[in-house]
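Worksheet: the structure to be examined is printed underneath.
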Amino acid sequence: MSDASVSLAPVAADAAGINGQATLGPSAYIVLGLLGQCGPGTSYDLKRWADESVGYFWTFPRSQLYAEPQRLVGLGLLEETQEDGGRRKRTYSITVAGRSALAHWLSRPAGFPELRDAGLLKLFFAGQGPPQLLPQLAQEQLDLHRARLAEYEDRAACVPEGSFEAQPLRMGLLYERASLAFWAELLA
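Below, the structure written as structure tokens:
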């Protein structure tokens with residue numbers, strides 16, 4: 025089992041109203057964390073919140089934000105309310121058991137980060153391509169990292185300095201600046 029997935033211990037599982045053990049993966053914790061932080065919301069709200077926050081540093085299929093809440097309701101980690109009329113919109117909120125499961129996950133070691141960078145992957149194999157590949161790749165990466173850095177700088181102006189939410193953003197700013205320096209050096 026990866027560090028990103030946690031099997032609820034029997035004690036935590038019983039407290040969560042789960043018979044036996046249930047394995048929760050990263051998408052479950054994203055749902056629990058977003059609802060715990062932002063308050064009740066729909067699957068659409070979860071997608072929007074993820075796109076504006078954790079989606080910058082944790083990639084996952086957004087379709088999970090539509091399926092995962094139902095599973096978490098079944099495990100007793102979320103409550104669901106559904107409108108009687110109209111589109112019968114479903115709104116989810118985190119339960120005490122959900123907060124307990126989230127706290128259990130937060131207390132465990134995070135493990136080593138995964139890095140998946142298509143630019144670095146192409147750079148690794150660039151020696152097998154034409155000579156113009158390296159400058160093209162470096163320029164492409166510079167453009168991408170400049171755009172992301174500008175996006176992060178805009179977001180940083182809206183996030184309270186020193187907040188927990190600001191810290192991953194700060195790491196993103198450092199990462200983008202380091203990436204710009206790296207790719208610029210390859211062009212020099």
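According to the working numbering, the sequence shown is numbered sequentially starting from 25.
Built from N, CA and C at the ideal position, the CB exists for glycine as well.
Assign residue i to buried or exposed, taking buried as 16 or more other Cβ atoms, counted over all protein chains shown, within 10 Å of its Cβ.
i    : result
Y53  : buried
G110 : exposed
E138 : exposed
G65  : buried
P155 : exposed
E107 : exposed
S203 : buried
L193 : buried
L144 : exposed
P34  : Below a pLDDT of 50, predicted positions are generally treated as unreliable, and P34, at 38, falls in that range; the measurement from the model is reported next regardless. Its Cβ having fewer than 16 others within 10 Å, P34 is exposed.
L130 : exposed
L198 : exposed
If the criterion is Cβ atoms closer than 7 Å, does the pair residue i and residue j meet it?
i    : j    : result
E200 : H169 : yes
L59  : Y116 : yes
L157 : W207 : no
L96  : L70  : no
L211 : A162 : yes
Spatial neighbours of residue i within its chain, please: C-beta separation below 6 Å, excluding the five flanking residues on both sides.
i    : result
G122 : L56, L101 and L102
W73  : L58 and C62
R86  : K71
Please look up how many angstroms separate the CB atoms of residue i and residue j, rounded, as I've assumed it's under 8 Å.
i    : j    : result
G196 : Y176 : 5 Å
F81  : P50  : So it is not a contact: roughly 12 Å between Cβ atoms.
By DSSP's criteria, residue i is part of a beta bridge. Which residues make up the other side?
i    : result
E103 : S117
L158 : Its beta-bridge partners do not exist; DSSP assigns none.
L166 : Per DSSP, none; premise fails for L166.
For residue i, which residues in the same chain have their Cβ closer than 7 Å to its Cβ, ignoring the five residues on either side in sequence?
i    : result
T119 : G100, L101, L102 and E103
V78  : I54
K146 : L161
Could you name the residues of the same chain whose beta carbon sits closer than 8 Å to that of residue i, not counting the 5 residues immediately before and after it, in chain order?
i    : result
S67  : L89, Y90, P93, R114 and Y116
A190 : A180, V183 and P184
G98  : none
Would you say residue i lies against chain B (beta-carbon separation less than 7 Å)?
i    : result
Q156 : Chain labels in this structure do not include chain B; a single protein chain is all it has.
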